[in-house]
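Counting from 2, one number per residue, gives the positions in the sequence shown under our numbering. Beta carbons are placed, not taken as given, at the ideal position from N, Cα and C, and that holds for glycine. These numbers come from a predicted model, not from an experiment.
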Amino acid sequence: MSYEEIFILGWLANIFMIFANVLVVLMVVRNNEPEKLKEQSIQLNELKKEYDKYYPYHKQMSILAYLLPFTGFFKVGFRLFEMTLFLSKNKDANVYNFIEYKYTKDIQRAKNSN
Numbered sequence: 002m003s004y005e006e007i008f009i010l011g012w013l014a015n016i017f018m019i020f021a022n023v024l025v026v027l028m029v030v031r032n033n034e035p036e037k038l039k040e041q042s043i044q045l046n047e048l049k050k051e052y053d054k055y056y057p058y059h060k061q062m063s064i065l066a067y068l069l070p071f072t073g074f075f076k077v078g079f080r081l082f083e084m085t086l087f088l089s090k091n092k093d094a095n096v097y098n099f100i101e102y103k104y105t106k107d108i109q110r111a112k113n114s115n
């Protein structure tokens, strides 16, 4: 297998994970009421603003992860695995609770490191 084929395979894996992300989003949107989603969005926006203070280059790093072969695949794959474990351990939790948990945990880690 040549380097070119490995790179193409890595980018295809990244594209697959983009579609997996879109699938998760569609499932969440379909299974929730619009008003509840709007409330959750407002709350997550506040957390994201605080998160952006501590991690200002997060967006650029995410884009870079999808440009590098296999990086987005492993990053999103690990996040989906982590979300599955979180949801199986916390029976009444949903994807919103997981995202809130991750933002809060990362913000707290950044505050403790300063």
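Next item on the list: Could you name the residues of the same chain whose beta carbon sits closer than 6 Å to that of G11, not counting the 5 residues immediately before and after it, in chain order?
Entry: Within the sequence shown, the letter at position 10 stands for residue 11. Within the same chain, G11 has close Cβ partners P70 and F71.
Margin query: DSSP three-state label for M2, please.
Written below: What you label residue 2 is simply residue 1 of the sequence shown in a count that begins at 1. Looking at M2 - three-state DSSP - the assignment turns out to be coil, as it is neither helix nor strand.
Notebook entry, point to check: With a cut-off of 8 Å, do at least 3 Cβ pairs link the segment 81 to 90 to the segment 98 to 113?
Noted result: yes
Item checked: Proximity below 7 Å, CB of K50 to CB of A66 -> The count along the sequence shown starts at 1 and reaches residue 50 at position 49. The count along the sequence shown starts at 1 and reaches residue 66 at position 65. Contact flag unset, no.
Next item on the list: Use the C-beta contact count for N15: other C-beta atoms within 10 angstroms, 16 or more gives buried, fewer gives exposed.
Entry: The count along the sequence shown starts at 1 and reaches residue 15 at position 14. With 16 or more other Cβ atoms within 10 Å, it is buried.
Margin query: Quick check: A111 and Y55, are their CB atoms within less than 7 Å of each other?
Written below: Here residue 111 is taken as the residue at index 110 of the sequence shown, counted from 1. Here residue 55 is taken as the residue at index 54 of the sequence shown, counted from 1. Yes; because the gap between Cβ atoms is below 7 Å, this pair is in contact.
Next item on the list: Starting from the C-beta of E47, find all residues in its chain whose C-beta is less than 8 Å away, skip the five residues before and the five after it, and write them out in chain order.
Entry: As a working mapping, residue 47 is identified with position 46 in the sequence shown. Within the same chain, E47 has no close Cβ partners at all.
Item checked: C-alpha distance - L13 paired with I64, whole-angstrom precision -> Counting from one through the sequence shown, the residue named residue 13 turns up at place 12. Counting from one through the sequence shown, the residue named residue 64 turns up at place 63. Spanning the two alpha carbons is a distance of roughly 15 Å.
Check: Quick one, are the C-beta atoms of F79 and M18 less than 7 Å apart?
Finding: Counting from one through the sequence shown, the residue named residue 79 turns up at place 78. Counting from one through the sequence shown, the residue named residue 18 turns up at place 17. For F79 and M18, no; Cβs fall outside 7 Å.
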